[in-house]
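Structure, as structure tokens:
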Amino acid sequence: MNEIIFSIVMLFQVSNENVFSTATGFFYESNGKKFLITNRHVVNYSTTDSSAKLVVKIHTNKSDLSVFKTVEIPLVKDGTITWLGYSNPEIDVIAIPLENIDLTNTIINTLSNKNFPPHGLELEVGSELLVIGYPRGFTDKINQLPIAKNCIVSTPIEIPFDGKPYFLMDGNLFPGMSGSPVITRASSTHNINGGISISSSTQFFFMGIHSASFYKEIGMKENPIYILENGEIKIKGFSNEPVKENLSLQTCWYNGIIEELTSQ
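Plus 2 on top of the position in the sequence shown (first one is 1) and you've got my numbering.
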């Protein structure tokens, strides 16, 4: 189970050599090719920014997790974006091919369709899931390890929510976890086709990728607009701002979205 930590990296979003935010990504393999997977909204700034790139720190020594190789991943090359996405921009999943990125001497474990759940696996509403990433960029500063957070299945996995290729989870996730892989809790027993399957070792299944939280507008609030007039601070007027409540509901885009994108 702990080997998955070598699949997940913090993404430093860079523009004009300045880091302006962080997110999460993970390595995926399809047809012998490696990809970095994250959300479209994480890299979308590259459509108008030729300097856009991601920087990741990848472990190089399993015996000393404080040792890394810093790798730069351009999002634009010769005026063309380097990432693969769907023609429908609402599908918040992209893949970055890594064949031209120097990954020598790095420790990388890739997820793949071999980690997909078997046909007939029963994961009902209320089943536990883990979302692993970097909430608000938080991590062990020495070892840069990702953080696992609990969620539960909130809508039937087999029924696309609002007709879109994702289901909902309930959990307390944060910005910075965009692009986190979603997996089942590792276990040696699984409910498959109404029976119990027992394996000799524990295993997890890769369900998909997290991208966003749901908010509900519950009202409006007035914010004062201040001005300085004749040496005095005065209220010029008010601006209206919607008040939104976090529903603690999270998206999990289906794993098949990633497989389809990377197997083209």
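For every residue, glycine included, the Cβ atom is placed at its ideal position computed from N, Cα and C. Just so it is clear, the structure is predicted and the values come from calculations on it, not from any experiment.
Under the DSSP assignment, V155 falls in the beta strand (DSSP E) whose first and last residues are I149 to V155. C-alpha of A25 to C-alpha of L13: approximately 5 Å in a straight line. When DSSP states are grouped into helix, strand and coil, Y88 belongs to the coil group. Of the residues P91, E74, I75 and A97, the one whose Cα lies closest to the Cα of W85 is A97. The beta carbon of G122 lies closer than 7 Å to those of I194 and N195 in the same chain, with the five residues before and after it left out.
For N117, the closest of I93, I154 and P183 by C-alpha to C-alpha distance is P183. Taken through DSSP and simplified to helix, strand or coil, K166 comes out as coil.
If the five residues before and after M179 are omitted, its C-beta is found closer than 7 Å to the C-beta atoms of T26, V133, G135, Y136, P137 and H212, all from its own chain and listed in chain order. Listed as beta-bridge partners of V16 by DSSP are V21 and K55.
By the neighbour-count criterion, in which a residue is buried when 16 or more other Cβ atoms sit within 10 angstroms of its Cβ, Y168 is buried. Membership of H192 in the beta strand (DSSP E) is indicated by the continuous run S189 to I194. T72 carries a strand assignment under DSSP once its states are collapsed to helix, strand and coil.
L38 sits in a strand when the DSSP states are folded into three classes. Taking each of R42, N33, I60 and S53 in turn and checking the Cα distance to I10, the smallest one comes out for I60. About 19 Å separates the beta carbons of T186 and F163, which is beyond the 8 Å limit, so they are not a contact pair. Annotation: I7 to K238 spans about 53 Å, alpha carbon to alpha carbon. N46 is not a Cβ neighbour of G181, given a cutoff of 8 Å. Residue nearest to G165 within the set E92, G197 and E126 is E92 (criterion: CA-CA distance). Spanning the alpha carbons of T108 and K246 requires a straight line of approximately 43 Å.
Here the segment 142-156 makes contact with the segment 123-132; the two share three or more CB pairs at distances below 8 Å. Ranked by Cα distance from V69, the options K143, K218, I260 and S201 are led by K143. According to the DSSP secondary-structure assignment, V133 is paired through a beta bridge with K151 and V184.
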